[in-house]
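Under the working numbering, think of the first position of the sequence shown as 1100, with each following residue one higher.
Following: one structure in structure tokens, then a few remarks.
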Amino acid sequence: MKRIVSVSLGSSQRDKSSTATLLGEQFCLERIGVDGDLDKFAAKFKKLDGEVDAFGIGGADLYLWVGDRRYTFRQIKFLVSGAVKSPVVDGSGLKNTLEPRLIERLDDQGVVDFKNSRCLLTGAVDRFGMAQALAKVCPRVVYGDLMFSLGLPIRLTSYRAVESVGRIVLPIVTRLPFKWFYPTGEKQDKRTPKFAWAFDEADVICGDWHFIKRYCPDRMGGKTIITNTLRKSDLEFLRGAGIKQAIASTPTVDGESFGTNVMEAALVAILGKRPEELTKTDYESALDRLGWEPSTFEL
1100 MKRIVSVSLG SSQRDKSSTA TLLGEQFCLE RIGVDGDLDK FAAKFKKLDG
1150 EVDAFGIGGA DLYLWVGDRR YTFRQIKFLV SGAVKSPVVD GSGLKNTLEP
1200 RLIERLDDQG VVDFKNSRCL LTGAVDRFGM AQALAKVCPR VVYGDLMFSL
1250 GLPIRLTSYR AVESVGRIVL PIVTRLPFKW FYPTGEKQDK RTPKFAWAFD
1300 EADVICGDWH FIKRYCPDRM GGKTIITNTL RKSDLEFLRG AGIKQAIAST
1350 PTVDGESFGT NVMEAALVAI LGKRPEELTK TDYESALDRL GWEPSTFEL
């Protein structure tokens, strides 16, 4: 059995372990949260190196993307450097393949009427594949990078604007502490709603689940959520907020969806290559073989 471990800067209360069969192989999928403790985070990668088939980075990004340019968070790169034998991924490979496919599929099948909807994407540089796909199918998208990552009341209304701002800001942001821009540990469970107007205006809310939950208003009646991972408690929260439909990009395992970092780590283990050796075509070919379906929840 192959072992996949996602080490997360998030809360240990969300830890879980499940088994799944992928292309005939048995996998143990684990999530280990360190409650925002950077020393524990780094120690887990060093301790489990060589014992696991692949690592996922949870609750953090190693890379941010804008256009075809990749920017590396120096702090996260240093913290995971203890993993030498086991490959490490942060979900970027799936964000660039699985998530744009999801948007295209939802549009083609009429599951979401993007052309007549207003969309909010909480962060484009994190979910860059989704951002580019939304720009093609939805004429009215608000990209919330400046609002939710930097706290600035500035909406970006085109992906071209995201690219322009990103090329100025990301070289600076990725040199600073990660926790300045993304909730870690217990902060992931603390709600601090802001920019309610952005959520109120949107028919479809897309992006990282922790960003959505942290900043969304208490009521979002009749809206659709498209995100990366949803637990049973998350679905209860969305049901209470009046959400009509929730869609997660990753397949359901034991009634819940795992994050893109976990599923990418499993995919890397299947392909038997180092992440730096894999191309977008490799990912797309593997996704075709796996036949993964998104997780759709009618609330």
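Virtual Cβ for every residue (Gly too), placed ideally from N, Cα, C.
This one's a predicted model, so the numbers in the text were calculated from it and none came from an experiment.
For Ser1107 and Gly1157, believed in contact at Cβ under 8 Å, the rounded distance = For the purposes of this step, residue 1157 is identified with residue 58 of the sequence shown, where counting begins at 1. For the purposes of this step, residue 1107 is identified with residue 8 of the sequence shown, where counting begins at 1. With 8 Å as the limit, Gly1157 and Ser1107 qualify as a contact, their Cβ atoms being about 3 Å apart.
Helix, strand or coil at Thr1359 [DSSP, three-state] = Within the sequence shown, residue 1359 is the residue found at index 260, counting from 1. Looking at Thr1359 - three-state DSSP - the assignment turns out to be helix.
Are Pro1393 and Val1188 touching if we call contact CB-CB under 7 Å?
-> Here residue 1393 refers to the residue found at position 294 of the sequence shown. Here residue 1188 refers to the residue found at position 89 of the sequence shown. It is not a contact, given that the beta carbons lie outside the stated cut-off.
Start and end residues, beta strand (DSSP E) containing Ser1257 | The count along the sequence shown starts at 1 and reaches residue 1257 at position 158. Ser1257 -> no beta strand (DSSP E), and no H or E assigned at all.
Classify Ser1384 as buried or exposed, calling it buried when 16 or more other Cβ atoms lie within 10 Å of its own Cβ.
-> On the sequence shown, residue 1384 is found 285 positions in, with the first residue counted as 1. So Ser1384 ends up on the exposed side.
Mind checking Trp1296: buried by the 16 CB within 10 Å criterion, or exposed?
-> Reading the sequence shown from its first residue, position 197 is the one you call residue 1296. Exposed, since its Cβ has fewer than 16 Cβ neighbours within 10 Å.
Use the C-beta contact count for Asp1387: other C-beta atoms within 10 angstroms, 16 or more gives buried, fewer gives exposed.
-> To locate residue 1387, count along the sequence shown from 1; it is residue 288. Under this definition Asp1387 is an exposed residue.
Nearest candidate by alpha-carbon position, reference Asp1225, set Val1272, Arg1204, Lys1214, Lys1235 | The residue you call residue 1225 lines up with position 126 of the sequence shown. Closest by alpha carbon: Val1272.
Supposed close pair Arg1102, Asp1114 - CB separation, criterion 8 Å = As a first step, residue 1102 is located in the sequence shown; it is residue number 3 there, counting from the start. As a first step, residue 1114 is located in the sequence shown; it is residue number 15 there, counting from the start. About 15 Å; that fails the 8 Å criterion.
Sub-7 Å separation of Ser1041 and Leu1201 beta-carbons | What is shown of the chain runs 1100 to 1398, which leaves residue 1041 out entirely.
Kindly indicate which residue of Gly1192, Cys1305, Gly1149 has the alpha-carbon position closest to the one of Glu1376.
-> Here residue 1376 refers to the residue found at position 277 when the sequence shown is read from its first residue. Out of Gly1192, Cys1305, Gly1149, Gly1192 has the C-alpha closest to the C-alpha of Glu1376.
Touching by the beta-carbon criterion (3+ pairs, under 8 Å), the region 1260-1274 and the region 1155-1170 | yes
Euclidean distance between Cα positions of Gln1231 and Tyr1258 = By one-based count along the sequence shown, residue 1231 stands at place 132. By one-based count along the sequence shown, residue 1258 stands at place 159. So the alpha carbons of these two residues sit roughly 7 Å apart.
What does a CB cutoff of less than 6 Å around Met1246 pick up in its chain, not counting 5 residues either side in sequence?
-> Stepping through the sequence shown from its first residue, residue 1246 is reached at position 147. Phe1294, listed in sequence order.
Candidates Asp1299, Val1133, Thr1326: which alpha carbon is nearest Asp1317's?
-> Your numbering for residue 1317 matches position 218 in the sequence shown. Checking every option, the nearest Cα to that of Asp1317 belongs to Asp1299.
By Cβ distance, which residues of its chain are closer than 6 Å to Arg1173, with the 5 residues on each side in sequence left out?
-> Locating residue 1173 in the sequence shown gives position 74, counting from the first residue. Cβ within range, chain order: Arg1274.
Span separating the alpha-carbon of Val1352 from that of Val1361 | Stepping through the sequence shown from its first residue, residue 1352 is reached at position 253. Stepping through the sequence shown from its first residue, residue 1361 is reached at position 262. So the two alpha carbons sit approximately 12 Å from each other.
From Phe1396 to Ala1345, what does the alpha carbon distance come to, in whole angstroms?
-> Along the sequence shown, one-based indexing puts residue 1396 at 297. Along the sequence shown, one-based indexing puts residue 1345 at 246. When rounded, the distance between both Cα atoms is 5 Å.
For Ala1340, which of Ser1332, Ile1324, Gly1320, Gln1287 has the nearest alpha-carbon?
-> As a first step, residue 1340 is located in the sequence shown; it is residue number 241 there, counting from the start. With distances taken between Cα atoms, Ala1340 lies closest to Gly1320.
Could you tell me which residues DSSP puts in a beta bridge with Ser1117?
-> Counting from 1 along the sequence shown, the entry for residue 1117 is found at position 18. Ser1117 pairs with Leu1128.
Simplified DSSP assignment, three categories, for Ile1369 = The residue labelled residue 1369 in the question sits at position 270 within the sequence shown. In the structure shown, Ile1369 sits in a helix (DSSP, three-state: H, G or I).
Going by beta carbon distance, what residues of the same chain come within less than 7 Å of Ser1117, once the five residues before and after it are set aside?
-> The count along the sequence shown starts at 1 and reaches residue 1117 at position 18. Cβ neighbours of Ser1117 beyond the five flanking positions: Leu1128, Val1352, Asp1353.
By Cβ distance, which residues of its chain are closer than 6 Å to Cys1315, with the 5 residues on each side in sequence left out?
-> One-based indexing of the sequence shown puts residue 1315 at position 216. Same-chain partners within the cutoff: Phe1298.
Reduced DSSP category for Glu1203 - H, G, I as helix; E, B as strand; rest coil | The count along the sequence shown starts at 1 and reaches residue 1203 at position 104. Helix, per DSSP.
Based on Cα-Cα distance, which residue from Asn1195, Gly1358, Leu1398 lies nearest to Arg1169?
-> If you number the sequence shown from 1, residue 1169 lands on position 70. Closest by alpha carbon: Asn1195.
With 16 as the cutoff for other CB atoms within 10 Å, does Phe1177 come out buried or exposed?
-> Within the sequence shown, numbered from 1, the residue matching residue 1177 stands at position 78. Burial call: exposed.
Which of helix, strand or coil does DSSP assign to Leu1334?
-> Looking up residue 1334 in the sequence shown gives position 235. It is helical.
Rounded to the nearest angstrom, how far is the Cβ of Leu1147 from that of Val1179, given a contact under 8 Å?
-> Against the sequence shown, residue 1147 aligns to sequence position 48. Against the sequence shown, residue 1179 aligns to sequence position 80. About 11 Å; that fails the 8 Å criterion.
Cβ neighbour criterion (16 or more within 10 Å) applied to Ser1248 = To locate residue 1248, count along the sequence shown from 1; it is residue 149. By the 10 Å Cβ count, Ser1248 comes out buried.
Considering only C-alpha positions, which residue in the set Lys1184, Ser1332, Gly1222, Val1210 is nearest to Tyr1281?
-> In the sequence shown, residue 1281 corresponds to position 182, counting from 1. Closest by alpha carbon: Gly1222.
Could you tell me the distance, in whole angstroms, from the CA atom of Gly1390 to the CA atom of Lys1286?
-> Locating residue 1390 in the sequence shown gives position 291, counting from the first residue. Locating residue 1286 in the sequence shown gives position 187, counting from the first residue. In a straight line, the C-alpha of Gly1390 is about 35 Å away from that of Lys1286.
Thr1171: first and last residue of the uninterrupted beta strand (DSSP E) it sits in | Counted from its first residue, the sequence shown places residue 1171 at position 72. Here the beta strand (DSSP E) through Thr1171 covers 1168-1171.
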